[in-house]
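Student: In the numbering used here, the protein residues as written are 727 to 989. The beta-carbon is built from N, C-alpha and C at its ideal position, and this holds for glycine as well. Everything numeric in this text was worked out from a predicted model, so none of it was measured.
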Amino acid sequence: MATQHWSGVHPQAIVDPSARLADNVTVGPWSYIGPDVEIGEGTEILSHVVVKGPTTIGRHNRIFQFASIGEECQDKKYAGEPTTLVIGDHNVVRENCTVHRGTAQDRGETRLGSHNLLMAYVHVAHDCLIGDHTILANCATLAGHVTVGDWAILGGGTMVHQFCNLGPHSMSAGGSIVLKDIPAYVMASGQSASPHGINVEGLKRRGFAPETLLILKRAYKTVYRQGLSTEQAIAELESVYGDEAAVRPLIASLKGATRGIVR
Numbered sequence: 727m728a729t730q731h732w733s734g735v736h737p738q739a740i741v742d743p744s745a746r747l748a749d750n751v752t753v754g755p756w757s758y759i760g761p762d763v764e765i766g767e768g769t770e771i772l773s774h775v776v777v778k779g780p781t782t783i784g785r786h787n788r789i790f791q792f793a794s795i796g797e798e799c800q801d802k803k804y805a806g807e808p809t810t811l812v813i814g815d816h817n818v819v820r821e822n823c824t825v826h827r828g829t830a831q832d833r834g835e836t837r838l839g840s841h842n843l844l845m846a847y848v849h850v851a852h853d854c855l856i857g858d859h860t861i862l863a864n865c866a867t868l869a870g871h872v873t874v875g876d877w878a879i880l881g882g883g884t885m886v887h888q889f890c891n892l893g894p895h896s897m898s899a900g901g902s903i904v905l906k907d908i909p910a911y912v913m914a915s916g917q918s919a920s921p922h923g924i925n926v927e928g929l930k931r932r933g934f935a936p937e938t939l940l941i942l943k944r945a946y947k948t949v950y951r952q953g954l955s956t957e958q959a960i961a962e963l964e965s966v967y968g969d970e971a972a973v974r975p976l977i978a979s980l981k982g983a984t985r986g987i988v989r
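Put into structure tokens, the structure is as follows:
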């Protein structure tokens, strides 16, 4: 028997008449696209996906079966206010992921950047802000108001407390419970998570030069090996490495750590 191929909206999909689908968008069987949803060119919505609005999805994303995208959040303060979810381009969202809209108590928006991979069963709660090129491995869970910087990696089963920030190029090991911020470049693991050096292998893969890695290792020691408070470490980093572009994300993540940093 010949295999059947289809493109566009499958006859067994439900797409609200007010939804706006660009050219070459595909919607698989038994998927639901609700009102106030906009989907960009070339995005694939596979079977059994639910997308509710207000939600904007960019170009060339792939969203796999049983994902729930743009549902109202689980925050008990949420009272039906019009909040949004914005997803960029070239993301892959695997099976059973849940990505919720924002709340009026915050900026009213959850945002996922571009070129991200959300593996199976990932949960992104209300008002989270995820950058570009991140990987959230299976069952990673973000509480509300979490920020994840560009190129960060969350190991499988990582659980992140609300309002935590994970800096650019940071990494959490599988099964970590993150209760405080992970600064840029730092690897953390444990329950609760503690720091374990710079994410050297990840930085090498991204083309960081050996001399830059050496500077970042020294900067890490300033923060974690000299017995300094966070404020003292910031002052020392600005004094010694103020002209080093690679150190600026580390300084910025330390300055923005309203919950404190992993120790």
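Unbroken beta strand (DSSP E) runs of length 3 or more, entirely within the segment 876 to 933: which are they?
Tutor: 912 to 916, 919 to 924
Student: Could you tell me the boundaries of the alpha helix (DSSP H) in which Glu937 lies?
Tutor: From DSSP, the alpha helix (DSSP H) with Glu937 extends over 936 to 950.
Student: Over what stretch of residues does the beta strand (DSSP E) that includes Val763 continue unbroken?
Tutor: 763 to 765
Student: Would you give the residue range spanned by the alpha helix (DSSP H) that Ile977 belongs to?
Tutor: 974 to 981
Student: Which residue or residues does DSSP assign as beta-bridge partners of His826?
Tutor: Glu797
Student: Take Lys906 and list the residues in its own chain whose beta-carbon comes closer than 6 Å to its own, dropping the five residues that flank it on each side.
Tutor: Excluding positions up to five away in sequence, the list reads Arg985, Gly986, Ile987, Val988.
Student: Would you mind reading off the limits of the beta strand (DSSP E) that contains Thr781?
Tutor: 781 to 783
Student: Counting C-beta neighbours from all protein chains within 10 Å, is the total for Gly953 16 or more, i.e. buried, or is it exposed?
Tutor: exposed
Student: Measure the alpha-carbon distance for Thr729 versus Arg788 and round it to whole angstroms.
Tutor: Bear in mind that the predicted position of Thr729 carries a pLDDT of just 40, short of 50, making it too unreliable to give a figure here.
Student: Is the distance from the Cβ of Gly928 to the Cβ of His887 below 9 Å?
Tutor: no
Student: Closest by CA to Gly839, which one among Leu855, Tyr967, Gln831, Ala910?
Tutor: Leu855
Student: Could you give the C-beta distance for Gln791 and His774, rounded to a whole number, given that I count them as a contact under 8 Å?
Tutor: 5 Å
Student: Could you check whether Val819 and Arg837 sit closer than 9 Å to each other, using their CB atoms as the reference points?
Tutor: no
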